[in-house]
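Working notes, structure below.
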Amino acid sequence: MLLNHIGAGFYWIDPPRPDPKRQTRILSSSLNRRRASPPFPARHAAFHGVRMEKKGDKRRSICTADELHRVAVSNSDWKLALWRYRPSPEAPSRNHPLLLLSGVATNAIGYDLSPESSFARYMSAQGFDTWILEVRGAGLSTLGDSLEEDEECLKNFSKIDSVINDDIGESSASSATAVGLENLGASFVSEVPHMKRRGSEVVTKYKEMRLTTRFMEVLTRISERLAGFLNGDLLEGQNSAIAGQIKDFNRRLRGMIEGQRLFPAQILELQDRLSATLEEFQKQLELMVKYDWDFDHYLEEDLPAAMEYIRAQCQPRDGKLLAIGHSMGGILLYAKLSSCCFDGKDSGLASVVTLASSLDYTPSRSSLKLLLPLAEPTRALNIPVIPVGPLMATVHPLASYPPYVFSWLNSQISAQDMMDQNLFEKLVLNNFDTVPSKLLLQLSSVFQKGGLRDRSGTFFYKDHLHKSNVPVLAIAGDRDLICPPEAVYETVKLIPEELVTYKVFGEPGGPHYAHYDLVGGRLV
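Residue numbers (my numbering): 2 to 525.
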């Protein structure tokens, strides 16, 4: 059983804490279970806006953990989700909390598929205060500074027919408050007395002018948002073609407003088309802004914020955490160890377990190599995101039901008879999210000489792993087509021999372990 190996490894590095007053400790632990507030105030900047959500919250109902915490990321509007599983009062007390990290484009569900098949709950039952991190864009993590106001404005614009049927006697001043529309608002107010003298023409003129004003307000708000993006550093490093498109849009918009090239009659005739165009542009803008991160953002911002928050909550004596990472989660842990060695800093990790992870896939026959030809078109076409979740949900019926057109995809996830069919469907339909193309493009460097590198392409994460002093248990699956054993070993061999243990799960006659069987398989 895989978790027994992990538990044994952690037992060596994290033995049960001596407790001569066990009955007292259990009572204290029981009281701590009900405590919702942190043991002491969080002071670091990364803790700004932290809160624990109650079970009645809408998003909290999705979470199957004992608690759902949120932690803000410094210099970002993202609030990361942390699923917490309190240790069993009957289990031995542990010295360190445990952090679980998921793979690319996945959320916490893979670690907690059901009460009977839960990696996280098994570890908490062994006495570990267990936390699952959902990095930015994953699961219940949220972007605090969204475009909600503009979305609402666009929704109102799409329902303009009902809006212009409102009482025409209400004040129009509020429609002309957008920056840059003062002149338009003034001309509109000045038109009102003339309208009243023209009988039936008044209503038509009023509707046209009101619609124009609302339309200009929508455009101006988007323009202001774009100007803020362009004046800041949000687009720094992005492809110049995207920035050029946004600048061109901003220039055209300013010209339309200043020159009043849009006339009421034309707007009325093209209302549906304009609404659809604006909504589509808004969606593209949101994708470019919201999904603007790469692997280094996870490593340098998300992971440190989560680790510091967990330390503050659990207060381990030596300030260290245990960590298990699956797929990209393990890559994050390797990169953390390597970068800390390079910087001469302590990683804050007492021990690490990686599941199907490697910094260098070059010697393997990973099935992901089949996707490499798509990298250059993705880069050339400036595709902002890859909707992994929707794609998986779309393909699943074709892979699991007659005529089984994509049945070969199932073996990428789980080996035959290793996962309950209902749990397999839950994993496929609920565990995957949308991610930025730039994240996948950076991760694709694992297939290049030297392995994974930072966003600049000059720092190779495997180069400093040999300096690490953190014990590592590296686990591979014998039928893992995504990260085969030879890929796992390519990183293992870089770690000092006395600090690393390498294990391949699976037997010649079965059972076999594919990529996700190491987390959610029935024998884990």
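Each residue gets a CB set at the ideal place from its N, CA and C atoms; glycine is no exception.
Proximal residues to residue i (C-beta, below 8 Å), its chain only, five neighbours per side dropped
| i | result |
| --- | --- |
| N76 | E302 |
| L410 | V396, A400 |
| E135 | L81, A82, L83, W84, S103, N108, A109, L141, S142 |
| P194 | At P194, the pLDDT of 46 sits below 50, so the modelled position is not reliable; the number obtained from the coordinates is stated separately. No residues qualify anywhere along the chain. |
| L300 | L333, A336, K337, S340 |
| M308 | L100, L322, G349 |
| S412 | R480, L482, A515 |
Rounded distance between the beta-carbons of residue j and residue i, thought under 8 Å
| i | j | result |
| --- | --- | --- |
| L322 | G349 | 6 Å |
| I483 | S359 | At roughly 10 Å, the Cβ-Cβ gap does not stay under 8 Å, so I483 and S359 are not in contact. |
| P317 | P512 | Not quite, the Cβ-Cβ distance comes to about 36 Å (not below 8 Å), so this is no contact. |
| L524 | S115 | Actually they do not touch by this definition, with Cβ atoms about 15 Å apart. |
| L519 | L356 | 4 Å |
| Y1 | G111 | For residue 1 there is no data in the structure shown, the boundaries of the chain being 2 and 525. |
| A376 | L442 | 6 Å |
| L373 | F448 | 6 Å |
| V386 | Y292 | 5 Å |
Nonlocal neighbours in the same chain, by C-beta distance under 7 Å from residue i, ignoring five residues either side
| i | result |
| --- | --- |
| G104 | H327, S328, M329, G330 |
| E149 | Note that E149 scores 45 on pLDDT, short of 50, meaning its location in the model is unreliable; the coordinates nonetheless yield the value given after this. Closer than 7 Å at Cβ, skipping near neighbours: no residue. |
| R34 | Any answer about R34 is weak, because its pLDDT of 31 lies below 50 and its placement is not dependable; what the coordinates show is given next. The answer, listed in chain order, is R87. |
| A92 | A126, Q127, G128 |
| Y503 | A475, Y490, V493 |
| R480 | A416, G507, H513, Y514, A515 |
| P388 | T435 |
| F407 | V396, L399, A400 |
Residue-chain proximity (residue i, chain D), Cβ-Cβ < 8 Å
| i | result |
| --- | --- |
| D455 | Absence of chain D from the displayed structure is noted, only one protein chain being present. |
Bridge partner(s) assigned by DSSP for residue i
| i | result |
| --- | --- |
| L85 | One point to set straight first is that residue 85 is Arg, not Leu, in the sequence displayed. R85 pairs with E68, W132. |
| H298 | Answer is none; H298 lacks a bridge partner. |
| R523 | Partner(s): none; R523 has no beta bridge. |
| Y310 | Bridge partners of Y310: none, in fact. |
| K504 | I476 |
| D113 | S119 |
| K80 | A73, T143 |
| L102 | L134, G326 |
Residue i (DSSP reduced to helix, strand or coil)
| i | result |
| --- | --- |
| S175 | Interpretation of S175 is limited by its pLDDT of 37, a score under 50 that renders its predicted location unreliable; the figure taken from the coordinates is listed afterwards. S175: helix per DSSP, three-state reduction. |
| F461 | strand |
| I387 | strand |
| L4 | helix |
| L442 | helix |
| S348 | coil |
| K468 | helix |
| I496 | coil |
| I325 | strand |
| R380 | helix |
| P437 | strand |
| L482 | coil |
| I169 | Here I169 scores only 35 on pLDDT, less than 50, and its place in the model should not be relied on; the value that follows carries that caveat. Here I169 sits in coil by DSSP. |
| V354 | strand |
| K450 | coil |
| L399 | helix |
| S191 | Because the pLDDT at S191 is just 44, under 50, the model does not fix this residue reliably, and the value given afterwards should be weighed accordingly. It is helical. |
| G511 | coil |
Opening and closing residue of the alpha helix (DSSP H) in which residue i lies
| i | result |
| --- | --- |
| F425 | 422 to 431 |
| S339 | 329 to 344 |
| Y362 | From DSSP, Y362 is part of no alpha helix (DSSP H); its letter is neither H nor E. |
| T492 | 486 to 493 |
| S125 | 120 to 126 |
| N96 | Element bounds for N96: n/a, residue is neither H nor E. |
| I414 | 411 to 414 |
Beta-carbon proximity list for residue i, same chain, < 6 Å, skipping 5 on both sides
| i | result |
| --- | --- |
| D455 | D297 |
| E487 | P364, S365 |
| T65 | D113 |
| F120 | Y112, V520 |
| I325 | L101, V354 |
| D295 | K439, L440, Q443, R456 |
| F343 | H465 |
| W132 | L83, R85, L100, I311 |
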